[in-house]
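K.L.:
Okay, here's the structure, questions in a sec.
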Ligand SMILES: C[S@@+](CC[C@H](N)C(=O)[O-])C[C@H]1O[C@@H](n2cnc3c(N)ncnc32)[C@H](O)[C@@H]1O
């Protein structure tokens, strides 16, 4: 690439960032105006422009990343739609608030895209994977170029399967594979049972089957009836909701030994908590419990919010106390089943991993 020239995607993202800056200002000022003057015509005009802009961002992202809008843009879109309804109902104070919130979400997306522009539009967190010598991650023009630039020898078996293997559809953040491999490798080629909540296209169940070897058994749970189609030898699918404790009890009854649980289901707070409460006690004594996409603990749509009571992140902070309960004098923190069974708690970007194991009292010698 010539010095100073940009790939298509870089140009498009740079253009989007510039437009975002403009829309943030416009939304904030129209938001203020709506509070005082109820300028509906002007507001409708701005909402129309913002919708068109977000539709454009959707197309660009779909074309270049394969994934459409990110979470902040989705929220902005939802706020625009709700603002139309509020204008029709003459709820001007609500519109004013929504426009400013919309500006905040667009600003959030802008900060993320600015960071992406600085490091390279496809220079994602790849865990331990490395790019081939000579590859310049600032310059990848598309997703395929990025994938081809990954040094194959730096991939773990899960990454090999995901990027180079033949499998059904699956969707994973690229940095998850390093975490899986770190905590799961001791179970490979053993007669283990793996349970994943969230089957979607069935590809991840095939990945576990390949990774854990000929003696493993894979169980998938999903709410979508069509996921039954992904059943195959040593892959069993249950259809039901992870929030339905009765259903989970039935799965437990039919599967007395489970070594690894991966929660990649609906990602709402209730789902994650109900699933943990039902399934963690059932996990093998030295098993691993992994819950992913914890970013939803910060997203309103999923019941999240920063330090909001009841999010899975807040709930999980109790695991740290449980692990250390033997050292507390407080009657509010007592040794319980978690204290006796958690050996370690690991936090990663959007993931938590609990390693189970008998946790006896510690001793200083
Ligand atoms: C992110 S996708 C799973 C992706 C899959 N694990 C992979 O790696 O490709 C989330 C899945 O969770 C399912 N889901 C949503 N709500 C659920 C619920 N309450 N119980 C079980 N599954 C649910 C969805 O139908 C969807 O297939």
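In the working numbering, the protein residues as written are 13 to 377. We put the beta carbon where it would ideally sit given N, CA and C, even for glycine. Note that the structure is predicted; figures quoted are calculated from it, not measured.
Under the assumption that residue 239 contacts residue 275 (Cβ atoms under 8 Å), give the Cβ distance between them as a whole number of angstroms.
P.N.:
Contact flag wrong, Cβ pair sits at about 16 Å.
K.L.:
For the beta strand (DSSP E) that contains residue 365, what are its first and last residues?
P.N.:
Annotation for residue 365: the continuous beta strand (DSSP E) segment containing it runs 363 to 368.
K.L.:
In whole angstroms, what is the alpha-carbon distance linking residue 258 and residue 110?
P.N.:
40 Å
K.L.:
Using C-beta distances below 7 Å, list every residue in its chain close to residue 221, excluding the 5 sequence neighbours before and after it, in chain order.
P.N.:
228, 230, 246 and 247
K.L.:
Measuring only from the beta carbon, is residue 206 closer than 6 Å to any heavy atom that is part of ligand 1?
P.N.:
no
K.L.:
Run through DSSP, which three-state label would residue 23 get?
P.N.:
Helix at residue 23.
K.L.:
Give the DSSP-derived three-state secondary structure of residue 250 in the structure shown.
P.N.:
strand
K.L.:
Would the beta-carbon of residue 139 fall within 7 Å of that of residue 150?
P.N.:
Not in contact: residue 139 and residue 150 (Cβ atoms no closer than 7 Å).
K.L.:
Okay, do the stretch 286 to 298 and the stretch 253 to 272 touch, 3+ Cβ pairs below 8 Å being the bar?
P.N.:
yes
K.L.:
Give the list of continuous alpha helix (DSSP H) stretches no shorter than 4 residues that lie fully inside the stretch 103 to 180.
P.N.:
Here the runs fully enclosed are 104 to 131, 155 to 160 and 169 to 176.
K.L.:
According to DSSP, which residues form a beta bridge with residue 356?
P.N.:
367
K.L.:
Could you spell out the range, first to last residue, of the beta strand (DSSP E) harbouring residue 244?
P.N.:
Taken as a continuous stretch (DSSP letters only), residue 244 belongs to no beta strand (DSSP E), as it is neither H nor E.
K.L.:
Given 8 Å as the limit, is there contact between the stretch 359 to 372 and the stretch 293 to 307, that is, 3 or more CB pairs closer than that?
P.N.:
yes
K.L.:
What alpha helix (DSSP H) runs, 4 residues minimum, are completely inside the stretch 50 to 93?
P.N.:
52 to 77
K.L.:
Helix or strand or just coil, what does DSSP make of residue 347?
P.N.:
coil
K.L.:
Between the Cα of residue 358 and those of 271, 215, 188 and 86, spot the shortest distance and give me the residue it belongs to.
P.N.:
188
K.L.:
So is residue 308 buried or exposed if we call it buried at 16+ other beta carbons inside 10 Å?
P.N.:
In this structure residue 308 is buried. Its beta-carbon is surrounded by 16 or more other beta-carbon atoms within 10 angstroms.
K.L.:
Are the stretch 68 to 79 and the stretch 94 to 104 touching by the rule of at least three beta carbon pairs closer than 8 Å?
P.N.:
no
K.L.:
Going by DSSP in three states, residue 204 sits in which element: helix, strand or coil?
P.N.:
coil
K.L.:
Would DSSP call residue 262 helix, strand or coil?
P.N.:
helix
K.L.:
Which residues in the same chain have their Cβ closer than 6 Å to the Cβ of residue 214, if we skip the five residues on either side of it in sequence?
P.N.:
180 and 242
K.L.:
So, is residue 13 buried or exposed, given that buried needs 16 or more other C-beta atoms within 10 angstroms?
P.N.:
In this prediction, residue 13 has a pLDDT of 46, which is less than 50 and means its spatial position is unreliable; what the coordinates show is noted afterwards. Its Cβ having fewer than 16 others within 10 Å, residue 13 is exposed.
K.L.:
Given this structure, state the Cα-to-Cα distance separating residue 162 from residue 362, to the nearest angstrom.
P.N.:
23 Å
K.L.:
Would you say residue 272 touches ligand 1, meaning its beta carbon is less than 6 Å from a heavy atom?
P.N.:
no
K.L.:
Measuring only from the beta carbon, is residue 275 closer than 6 Å to any heavy atom that is part of ligand 1?
P.N.:
no
K.L.:
Distance, Cα to Cα, residue 190 vs residue 168?
P.N.:
7 Å
K.L.:
Do residue 264 and residue 294 have their beta-carbon atoms positioned less than 7 Å apart in this structure?
P.N.:
yes
K.L.:
Just verifying my parser: in three-state terms, what is the DSSP assignment at residue 211?
P.N.:
coil
K.L.:
Enumerate in chain order the residues of its own chain whose CB-to-CB distance from residue 195 is below 6 Å, with the five nearest sequence positions on each side excluded.
P.N.:
The residues are 300 and 365.
K.L.:
Restricting to Cα atoms, I'd like to know which of 270, 183 and 82 is closest to residue 199.
P.N.:
When only C-alpha atoms are compared, the closest one is 270.
K.L.:
From residue 204 to residue 353, what does the alpha carbon distance come to, in whole angstroms?
P.N.:
19 Å
K.L.:
From the DSSP secondary-structure annotation, give me the bridge partner or partners of residue 232.
P.N.:
For residue 232, which the question treats as bridged, DSSP gives the partners 208 and 249.
K.L.:
Taking only heavy atoms of ligand 1 into account, decide whether any of them is closer than 6 Å to the Cβ of residue 212.
P.N.:
At least one heavy atom of ligand 1 lies closer than 6 Å to the C-beta of residue 212.
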